[in-house]
Amino acid sequence: MTTPASPSLLARAPEPSIDLNAGALRFITCGSVDDGKSTLIGRLLVDSRAVLQDQLASVSRSGETDLALLTDGLSAEREQGITIDVAWRYFATPTRKFIIGDTPGHEQYTRNMVTAASGADAAVVLVDATKLDWRNAALALLPQTRRHTLLVHLLRVPSIVFAVNKLDAVEDPQRAFVHIRAALQGFADEAGVAVRAVVPISALKGHNVATPAPHWCGYEGPTLLQLLERLELTPTADAEAFAFPVQWVEKFHDSADTSRGRRVFWGRVAAGTARCGQRVTLLPSGQSAVVAQVLSHVRESRDVPSGQGAGLVLDREVDLSRGDWLLAPDSAQPTRTLSATVAWLDDEPLVPGRTYWALHGHRWVKAKVQRLVHRLDIHTLDEVEADRLEPNAIGHVELALQEPLATLPYSRARVLGSLVLVDTATHKTAGAVLVRGG
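Basically the working numbering = 1-based index in the sequence shown + 18.
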């Protein structure tokens with residue numbers, strides 16, 4: 019059975035090689051087109067002195083520095099003035115390291131934004147004050163602001179911060195901020211989104227980004243950078259039952275290694291901790307085995323927690339290959355039917371009856387859309403009846419799987435609870451699937 023190459027969605031985009039265990043916060047900027055996401059990142063890089071003078075000179079136009087060009091690396095991005103791909107950058111302050119992702123605001127590239135959000139510790143949702151009817155206390159937010167906020171919430175990004183940008187370009191910054199903040203808080207409350215803060219900023223001039231602007235807009239709280247320094251990292255899944263998707267199988271031939279003559283199953287621990295002596299159930303075969311040895315990514319024999327790479331040696335030879343799972347006994351029951359939330363990312367609409375490839379961990383199975391239960395109206399937040407999901411829509415679907423998969427609700431386990439749908443003909447990423455609770 020031929021399966022497509024793994025899509026980029028829910029897999030981490032290319033990024034700096036930084037040890038997240040050292041306390042680096044991974045966050046993204048998102049929002050609508052031209053809200054100032056790239057400029058904000060450029061401002062953070064400049065104010066944290068992560069940019070050399072020759073780099074600054076290379077992004078100067080007519081004697082003025084265009085901060086957005088520090089992240090827009092593709093030629094098409096520079097020509098069109100929009101962000102297309104996710105640009106990862108690294109910077110640090112005396113108290114913390116950061117990995118920051120500049121994500122696209124254009125609807126056409128929502129899949130890239132979802133890719134970055136799936137592995138983020140925090141999301142900064144930018145709101146351009148100049149695009150809104152800021153004089154109106156009952157102003158309406160832009161659709162992409164609402165969509166991106168809902169997506170990062172669905173993807174369980176732990177911390178969400180609203181940054182109201184370009185307030186320096188409106189006549190009454192304080193009035194504008196009060197009205198926009200009320201609209202954002204009202205939307206968040208209605209959608210059940212927990213927001214850490216709403217901060218007034220000017221990415222262009224630097225107000226409240228890294229440098230405080232006392233009393234500006236009536237705001238007396240911390241700067242955006244100070245907030246980011248205080249945010250928590252995504253909690254690990256160490257407390258969950260053990261889960262391990264097999265990515266690669268290796269046979270040792272080194273006589274000095276205790277695993278000589280046995281296969282080593284490599285992958286990233288999805289939940290729990292890999293320990294020597296623990297009993298595991300193998301899926302899809304249903305066989306049982308005991309972990310005889312655990313190797314770290316540097317081949318040291320030790321326990322490996324969730325989120326880190328490990329090599330497992332079992333106490334007996336079993337038929338196990340890429341795409342199979344090792345799970346704690348009775349932790350997740352395999353099923354052929356799933357009720358799930360889907361963020362639809364394909365250019366072609368999702369319609370009931372169609373069949374897609376579904377990727378769960380490293381396992382490919384066929385999945386048929388049995389039913390479209392409802393579509394989420396991002397304007398009213400109502401669940402409405404629909405016969406299809408258009409590009410960038412969010413809905414509730416029921417899937418029928420060709421082979422059983424062991425899943426858990428996404429709210430409980432990110433890896434076990436997420437799948438990617440891929441078009442069987444084009445091999446394009448079609449949707450991000452989040453398993454719903456019972």
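Positions of the beta carbon are idealized from the N, C-alpha and C atoms, including for glycine.
Between the CA atoms of residue j and residue i - distance to the nearest angstrom
i	j	result
residue 254	residue 180	25 Å
residue 151	residue 405	34 Å
residue 443	residue 366	12 Å
residue 54	residue 263	39 Å
residue 59	residue 428	30 Å
residue 440	residue 451	11 Å
residue 120	residue 213	20 Å
residue 339	residue 295	21 Å
residue 1	residue 352	Coverage of the chain is limited to positions 19 through 456, which leaves residue 1 absent and any answer about it impossible.
residue 313	residue 407	44 Å
residue 102	residue 109	Reliability of the predicted coordinates at residue 102 is poor, the pLDDT of 46 falling under 50, and no value is obtained from them.
residue 146	residue 42	28 Å
residue 48	residue 122	7 Å
residue 178	residue 171	8 Å
residue 343	residue 416	23 Å
residue 401	residue 409	17 Å
residue 259	residue 453	17 Å
residue 137	residue 394	23 Å
residue 67	residue 61	10 Å
residue 142	residue 304	43 Å
residue 63	residue 50	21 Å
residue 155	residue 190	13 Å
residue 129	residue 135	10 Å
residue 348	residue 302	13 Å
residue 445	residue 364	11 Å
residue 201	residue 149	14 Å
residue 341	residue 265	6 Å
residue 44	residue 133	13 Å
residue 267	residue 435	24 Å
residue 469	residue 449	Missing from the structure shown is residue 469; the chain here goes from 19 to 456 and no further.
residue 422	residue 354	4 Å
Supposed close pair residue i, residue j - CB separation, criterion 8 Å
i	j	result
residue 361	residue 412	5 Å
residue 332	residue 308	7 Å
residue 269	residue 281	5 Å
residue 182	residue 218	5 Å
residue 176	residue 140	7 Å
residue 425	residue 350	6 Å
residue 437	residue 392	Not confirmed; about 19 Å, so no contact.
residue 386	residue 418	5 Å
Helix, strand or coil at residue i according to DSSP, with G and I counted as helix
i	result
residue 283	strand
residue 450	strand
residue 46	strand
residue 56	helix
residue 472	Absent from the model: residue 472. The displayed extent of the chain is 19 to 456, so no value can be given.
residue 197	helix
residue 525	Not covered by the structure: residue 525. The range shown for the chain is 19 to 456.
residue 404	coil
residue 460	The displayed coordinates of the chain run from 19 to 456. Any statement about residue 460 would go beyond what the structure contains.
residue 292	strand
residue 106	strand
residue 389	strand
residue 213	coil
residue 115	strand
residue 204	helix
residue 229	strand
residue 7	Here the chain covers residues 19 to 456 and nothing more, so residue 7 does not appear.
residue 186	helix
residue 236	helix
residue 241	coil
residue 354	strand
residue 223	coil
residue 265	coil
6 Å CB neighbourhood of residue i in its chain, flanking five on each side removed
i	result
residue 192	235, 236
residue 204	none
residue 384	373, 420
residue 432	none
residue 256	291, 323, 324
residue 381	341
Contact set for residue i: own chain, Cβ-Cβ below 7 Å, skip 5 residues either direction
i	result
residue 334	307
residue 455	427, 429
residue 163	49, 50, 143, 145
Cβ neighbours of residue i in the same chain (closer than 8 Å, five flanking residues each side left out)
i	result
residue 65	224, 227, 228, 229, 243
residue 5	For the chain, the structure presents residues 19 to 456; residue 5 sits outside this window and is missing.
residue 389	370, 415, 416
residue 186	220, 222, 223, 225
residue 159	145, 150, 201, 202, 205
Notebook entry, point to check: Within the chosen definition, does the stretch 316-325 reach the stretch 370-382 through at least 3 CB pairs nearer than 8 Å?
Noted result: Using a Cβ-Cβ distance cut-off of 8 Å, the stretch 316-325 and the stretch 370-382 are not in contact, since fewer than three pairs of beta carbons, one from each stretch, lie closer than that value.
Next item on the list: Check whether the stretch 233-249 touches the stretch 304-321, counting contact only when three or more Cβ pairs, one atom from each stretch, lie closer than 8 Å.
Entry: Not touching, per the Cβ criterion.
Checklist line | Three CB pairs or more closer than 8 Å across the stretch 195-209 and the stretch 220-231 | finding: Touching, no, given that fewer than three Cβ pairs across the two stretches are closer than 8 Å.
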